[in-house]
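Scroll down for the structure; my scribbles are underneath it.
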Amino acid sequence: MFSVLADLRVVGMTVPSQCKADVARYFETENRPFSLSDVTNALKNYGKTVVSKAIDELAESGILREKLYGKQKVYVYDQSRLPVFDENELRLLEEEITSLSTLLAEEQHRLKSLSNGNDVP
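Read in order, the letters of the sequence shown are residues 342 to 462 in my numbering.
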């Protein structure tokens, strides 16, 4: 942990701001709900207090959304910040998946026939 602190001082970032950036990046890349303990376990370089403070600041700024379930708080990355996909692009990707799935099935059938000793062109 000492080397992490030293590295942050060199680049001029404080630990809380670096933690805040790491927490935001973690939520964005994973894109699923987390509790404070989930994030603390995932980001082992930071203590629970610093992670909690970072999450609170990110929730206040609108980067994260907070939902209360009983006494448990759950946080999720604000979905409006994620890129919006074009419907045409999604349709093209689905067509490509269908085409590749068909090709895979044909190749698997060919492989099975060859492994059974059948001569398939």
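Heads up, the beta-carbon is just placed ideally off N, CA and C, and yes, glycines get one too.
For clarity, every value in this text was computed on a predicted model and none was experimentally measured.
Buried/exposed call for residue i, threshold 16 Cβ in 10 Å
i, result
"residue 425", "exposed"
"residue 420", "exposed"
"residue 370", "exposed"
"residue 399", "buried"
"residue 446", "exposed"
Three-state secondary structure (DSSP) of residue i
i, result
"residue 453", "helix"
"residue 368", "helix"
"residue 417", "strand"
"residue 408", "strand"
"residue 342", "At residue 342 the pLDDT is 37, less than 50, meaning the model places this residue with poor confidence and gives no usable figure here."
Cα-Cα separation, residue i to residue j
i, j, result
"residue 413", "residue 404", "19 Å"
"residue 428", "residue 434", "10 Å"
"residue 448", "residue 432", "24 Å"
"residue 394", "residue 410", "20 Å"
"residue 285", "residue 438", "Not covered by the structure: residue 285. The range shown for the chain is 342 to 462."
"residue 361", "residue 441", "41 Å"
"residue 381", "residue 451", "49 Å"
"residue 357", "residue 391", "6 Å"
Sequence-distant residues of the same chain with beta carbon closer than 7 Å to residue i, five excluded per side
i, result
"residue 363", "384"
Close Cβ partners of residue i (< 8 Å) along its chain, the five nearest in sequence each way excluded
i, result
"residue 373", "417"
"residue 396", "364, 377, 380, 405, 416"
Cβ-based neighbour list, residue i, same chain, cut-off 6 Å, excluding 5 preceding and 5 following
i, result
"residue 406", "417, 419"
"residue 344", "Reliability fails at residue 344, whose pLDDT of 37 lies under 50, so the model's placement of it is uncertain and no value is given."
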